[in-house]
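Chemist: Going by numbering that gives the first Met the number 0, the residue at position 210 of the sequence shown is 209; the numbering climbs one at a time, nothing skipped. Beta carbons are placed, not taken as given, at the ideal position from N, Cα and C, and that holds for glycine.
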Amino acid sequence: MSSWQCPYCGHLSVFEKIQKKDNEFAISADTKYGALVFESWVNVCPNPECKEFTYASRVSSAELVGGFYHATKEIESWVNRPNGQYKQFPDYVPAPILADYKEAVLIKDLSPKASATLSRRCLQGMIRNVWNVKPARLVDEIKAIEGQIESGMWKAIDAIRNIGNIGAHMENDINVIVDVDPDEAEMLIGLLELLIQEWYIERHERQLRVEAITALAAEKKAMKQAR
Numbered sequence: 000m001s002s003w004q005c006p007y008c009g010h011l012s013v014f015e016k017i018q019k020k021d022n023e024f025a026i027s028a029d030t031k032y033g034a035l036v037f038e039s040w041v042n043v044c045p046n047p048e049c050k051e052f053t054y055a056s057r058v059s060s061a062e063l064v065g066g067f068y069h070a071t072k073e074i075e076s077w078v079n080r081p082n083g084q085y086k087q088f089p090d091y092v093p094a095p096i097l098a099d100y101k102e103a104v105l106i107k108d109l110s111p112k113a114s115a116t117l118s119r120r121c122l123q124g125m126i127r128n129v130w131n132v133k134p135a136r137l138v139d140e141i142k143a144i145e146g147q148i149e150s151g152m153w154k155a156i157d158a159i160r161n162i163g164n165i166g167a168h169m170e171n172d173i174n175v176i177v178d179v180d181p182d183e184a185e186m187l188i189g190l191l192e193l194l195i196q197e198w199y200i201e202r203h204e205r206q207l208r209v210e211a212i213t214a215l216a217a218e219k220k221a222m223k224q225a226r
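1. Could you tell me the alpha carbon to alpha carbon distance between Gln196 and Ile144, rounded to whole angstroms?
2. Beta-carbon within less than 8 Å of Ser76's beta-carbon, same chain only, minus the 5 sequence neighbours each way: which residues are those?
3. Quick check on Val179: does DSSP put it in helix, strand or coil?
4. If you draw a straight line from the C-alpha of His10 to the C-alpha of Pro45, how long is it?
5. Taking Pro111 as the reference, give the member of Ala184, Arg136 and Phe52 with the closest Cα.
6. Does DSSP put Leu11 in a helix, a strand or coil?
7. Helix, strand or coil, according to DSSP, for Gly151 in the structure here?
8. Suppose contacts are defined by Cβ-Cβ distances below 8 Å. Is Pro93 in contact with Asn42 by that definition?
9. Helix, strand or coil for Asp139? Go by DSSP, reduced to three states.
10. If you check the beta carbons only, do Val232 and Ser27 fall under 8 Å apart?
11. Give me the Cα-Cα distance between Ile159 and Leu187, rounded to the nearest whole angstrom.
12. For Arg120 versus Asp99, is the C-beta distance shorter than 8 Å?
13. Would you mind stating whether Tyr91 and Ala25 have Cβ atoms separated by less than 8 Å?
14. Taking C-alpha atoms, which residue in Thr53, Arg202, Trp198 and Leu35 lies nearest to Lys20?
15. To the nearest angstrom, how far is it from the Cα of Lys219 to the Cα of Thr213?
16. Roughly how many angstroms separate the alpha carbons of Arg205 and Leu215, rounded to a whole number?
17. Give a yes or no on whether the C-beta atoms belonging to Gln267 and Tyr7 are separated by under 8 Å.
18. In angstroms with no decimal places, state the Cα-to-Cα distance between Ser39 and Ala211.
19. Find out if the Cβ-Cβ distance for the pair Ala61, Leu97 is shorter than 8 Å.
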């Protein structure tokens with residue numbers, strides 16, 4: 000059996016046991032690919048606190064076999080829901096940070112420069128939100144948290160900060176657009192995803208574990224006192 004992870008809540012399930020629906024139809028139109036087969040899939044998260052659904056589709060060339068069209072070669076596929084380009088993060092991550100992150104991802108291919116500007120603003124927003132640094136240039140704010148964050152995270156930030164165009168980006172006002180390469184814009188997005196995971200999600204989950212242990216200890220103590 001295979002596993003399936005909900006992209007919204009992260010819940011792991013046995014794929015064969017989740018609610019799902021698939022559908023397909025074929026057309027024999029005179030396209031450059033010949034006949035076409037269209038397929039779509041919907042999966043429903045079984046987590047009662049989530050119940051989100053995913054939707055994906057695909058179009059392929061087709062050949063007629065035994066009176067039915069069968070897909071032969073994929074032409075294109077899409078993740079229609081959630082948007083397959085950006086990661087889904089919990090809503091306890093501040094909305095402005097998620098908005099800048101998503102927009103940076105969506106515009107990355109069209110305009111790496113604009114994407115990098117949004118990523119820089121998102122990074123600055125996270126540093127100010129999580130570490131309460133005094134507003135300044137992004138490069139100065141990064142230096143201000145050097146001794147506060149885990150060494151691995153600092154190495155990741157510092158490595159990207161020292162890349163030519165990205166480094167220039169961080170020394171300018173966050174609204175100044177600086178030329179960057181597409182792969183540099185991609186690296187910035189990767190850094191944002193890493194930091195959102197570490198600074199928000201891991202912290203949140205750790206806090207939940209601490210609260211669970213504290214509550215259990217208090218319950219045990221109350222039971223002993225009641226005897």
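Modeler: In short:
1. Roughly 18 Å between the two C-alpha positions.
2. Ala55, Ser56, Arg57 and Val58.
3. DSSP places Val179 in the coil class of the three-state scheme, outside both helix and strand.
4. Just so you know, the alpha carbons of His10 and Pro45 end up roughly 8 Å apart.
5. Of the candidates Ala184, Arg136 and Phe52, the one whose C-alpha sits nearest the C-alpha of Pro111 is Ala184.
6. Strand.
7. Gly151 falls in the helix class under three-state DSSP.
8. Cβ atoms of Pro93 and Asn42: not closer than 8 Å.
9. The answer is helix: DSSP assigns Asp139 an H, G or I state.
10. Because the chain here runs from 0 to 226, residue 232 falls outside it and cannot be looked at.
11. Rounded to whole angstroms, the separation of the alpha carbons of Leu187 and Ile159 is 7 Å.
12. In this structure, Asp99 lies closer than 8 Å to Arg120 by Cβ.
13. No Cβ-Cβ contact shorter than 8 Å links Tyr91 with Ala25.
14. Considering only alpha carbons, the answer is Thr53.
15. Here the C-alpha atom of Lys219 lies approximately 10 Å from the C-alpha atom of Thr213.
16. Spanning the alpha carbons of Arg205 and Leu215 requires a straight line of approximately 15 Å.
17. Because the chain spans 0 through 226 in this model, residue 267 falls outside it and cannot be assessed.
18. About 41 Å.
19. Cβ atoms of Ala61 and Leu97: not closer than 8 Å.
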